[in-house]
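Before any comments, here is the structure.
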Amino acid sequence: MKITKVDAFQMNWDASGKGSRSAFVRIQTEDGSFGLGEASPMQGGLASLGIIANDMASFLIGKDILDHAVLLDTLLHKCIKLGPDGAATGALAALDIALWDLKGKLLGQPVYKLLGGAWRTSLACYSSIGGNAHRSVAEVVDIVLRRVEKEQPAAVKIRWDGDRTRQDVDIAGDIAKAKAVRKALGDDFVLGFDANNGYSIGGAMRVGRALEELNYAWFEEPVQHYHVAAMGEVAQRLDITVSAGEQTYTLQGLKDLINAGVRMVQPDIVKMGGITGMMRCAALAQAHGVELVPHQTQPSIGHLANIHVMATVMHLAKPVELADDWERADSVFKNPSRPVNGCFELPTRPGLGMEFDEAEMKRRSIPITQ
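Take 27 as the starting number for the sequence shown in the working numbering and just add one per residue.
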């Protein structure tokens with residue numbers, strides 16, 4: 027089956043056009059079938075969408091969709107000097123997800139079946155709660171309790187989302203917030219702490235030791251992601267599991283994190299190679315005996331792609347991410363994936379399993395032209 031059209035476009039979640047936007051791609055074949063993919067939405071995903079429209083789409087026209095891996099590896103090396111970290115790998119992720127969605131539809135199978143089958147069809151979620159660097163202790167506890175009551179998650183991760191140009195801004199205050207959340211949710215509730223690259227090595231050690239005392243389950247990106255050796259040093263010196271990888275865009279980069287000592291890796295499916303990339307990450311993690319817990323904050327295409335992959339992972343160590351503002355997908359998707367009793371159910375329809383209001387999607391779309 028030949029590819030006849032590749033459209034890259036932004037999706038406006040806010041009807042006014044002033045809210046957040048996602049970066050989507052649609053690949054169509056000669057019989058009218060199509061698949062949808064998603065790139066990282068950073069800065070609206072414009073860089074990745076531009077690369078698709080200007081440097082990748084024309085190459086794919088007329089190609090057989092079943093040559094999927096050859097096509098995308100060719101495009102990676104064609105565009106290697108545009109990255110490969112960041113916009114180019116985000117573009118490839120979107121194309122990869124769309125091709126898997128398309129293949130599933132053409133073969134009449136959900137993606138997880140094409141990947142080898144699911145170990146589970148219900149996946150527990152964790153509430154990922156951002157913006158806590160700028161909240162008081164009482165405000166942090168309030169939003170955590172509201173999210174737990176609403177979502178009934180298996181775990182909670184509190185994120186800082188602070189100023190990455192400054193380190194160790196309020197270590198005592200950060201620890202106080204971590205203590206307050208532990209007290210509010212009880213001794214046995216599973217908790218994670220995402221520093222969003224906010225500490226020096228020394229600061230990370232201080233906070234990490236406090237988190238160990240508080241029985242937090244993981245400590246995410248304590249230092250700047252580009253200081254791989256520093257991330258590894260913190261991981262090796264602390265007993266708490268240190269995680270990283272959401273800002274890692276290649277399999278080789280993930281290998282470097284593991285070799286440095288990180289034992290929980292968090293690549294993101296819309297940043298690193300899509301479904302194919304995440305399956306490679308799963309194999310790498312399994313080979314090294316480390317936990318694979320993907321970062322994933324997009325509530326529609328990226329999320330569905332992620333849970334199809336995670337359903338195939340035999341040793342799934344942690345719940346999947348449920349981020350802020352999840353409800354935005356309701357405006358376009360007829361069957362938005364929402365947790366029930368703290369769990370996402372794996373779609374069984376062909377492809378990724380999404381249904382959407384085509385007229386509404388068209389109305390909210392902003393095309394990226396060559």
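Ideal placement from N, C-alpha and C gives every residue a C-beta, glycine not left out. Source: prediction; values computed, not measured.
Are A270 and Q292 closer than 8 Å when you measure CB to CB? yes
As assigned by DSSP and simplified to three states, the class of R172: helix
Given a cut-off of 8 Å on the beta-carbon distance, is the pair T302 and W145 in contact? no
Simplified DSSP assignment, three categories, for Y242: coil
Rounded separation between A124 and I394 - CA only: 17 Å
Three-state secondary structure assigned by DSSP to E56: coil
Which residue or residues does DSSP assign as beta-bridge partners of I184? I155 and F219
For S162, is the classification buried or exposed, using 16 other Cβ atoms within 10 angstroms of its Cβ as the cut-off for buried? exposed
For G76, which residues in the same chain have their Cβ closer than 7 Å to its Cβ, ignoring the five residues on either side in sequence? I394
Based on the DSSP output, what are the partners of P293 in its beta bridges? P293 is not bridged to any residue.
Please determine, among L97, L330, F359 and A49, the residue with the shortest C-alpha to C-alpha distance to V346. L330
Buried or exposed by the 16-neighbour rule on C-beta atoms within 10 Å, applied to A41: exposed
Mapping DSSP to helix, strand and coil, what is K321? The question names Lys, but residue 321 is His in the sequence shown. Three-state result, H321: strand.
Assuming P110 and C151 are in contact, meaning their beta carbons sit under 8 Å apart, how far apart are those beta carbons, in whole angstroms? Contact flag wrong, Cβ pair sits at about 31 Å.
Taking contact to mean 3 or more Cβ pairs, one atom from each stretch, closer than 8 Å, check whether the stretch 118 to 133 and the stretch 53 to 67 are in contact. yes
Y152: beta carbon under 7 Å from a heavy atom of the ligand SAM? You won't find the ligand SAM in this model; it holds no ligand whatsoever.
Which residues in the same chain as T147 place their Cβ atom closer than 6 Å to its Cβ, once the five residues preceding and following it in sequence are excluded? L372
Residues bridged to G63 [DSSP beta-bridge criterion]: V51
Is V335 near L92, with beta carbons less than 8 Å apart? no
Below 8 Å on the Cβ atoms is my contact criterion, and I expect K297 with G71 to pass it. Report the Cβ-Cβ distance as a whole number of Å. So it is not a contact: roughly 11 Å between Cβ atoms.
I'd like to confirm the pairing. Which residues does DSSP put opposite V316 in its beta bridges? V316 is not bridged to any residue.
Alpha carbons only, please: which of P362, G368 and Q69 is nearest the one belonging to M380? P362
Check D214 in the structure and name its three-state DSSP category. coil
Below 8 Å on the Cβ atoms is my guess for L283 versus M257; work out the distance and round it to an integer in Å. 7 Å
In chain order, each beta strand (DSSP E) run of at least 3 residues that lies wholly inside the stretch 344 to 370: 346 to 348
With distances taken from CA atoms, which of V358, P376, R375 and V366 is nearest M14? Nothing can be reported for residue 14, as the shown portion of the chain is limited to 27 through 396.
Rounded to the nearest angstrom, how far is the Cβ of F219 from that of E246, given a contact under 8 Å? 7 Å
Cβ-based burial, S154 [other Cβ within 10 Å; buried from 16]: buried
With a cut-off of 8 Å on the beta carbons, I'd call P365 and E177 a contact; round off their distance for me. 6 Å
Candidates A311, L97 and D187: which alpha carbon is nearest M290's? A311
Endpoints, the alpha helix (DSSP H) within which T30 is located: Run containing T30: none in the alpha helix (DSSP H); it sits in the beta strand (DSSP E), I29 to N38.
Check the C-beta distance from V260 over to G234 and give it rounded, since I have them as a contact under 8 Å. 7 Å
Could you tell me whether the Cβ atoms of R306 and G300 are closer together than 8 Å? no
Any idea if S46 is buried or exposed, counting beta-carbon neighbours within 10 angstroms, 16 or more meaning buried? exposed
Please say whether Y242 and L217 have beta carbons closer to each other than 8 Å? yes
Find out if the Cβ-Cβ distance for the pair V288, V319 is shorter than 8 Å. no
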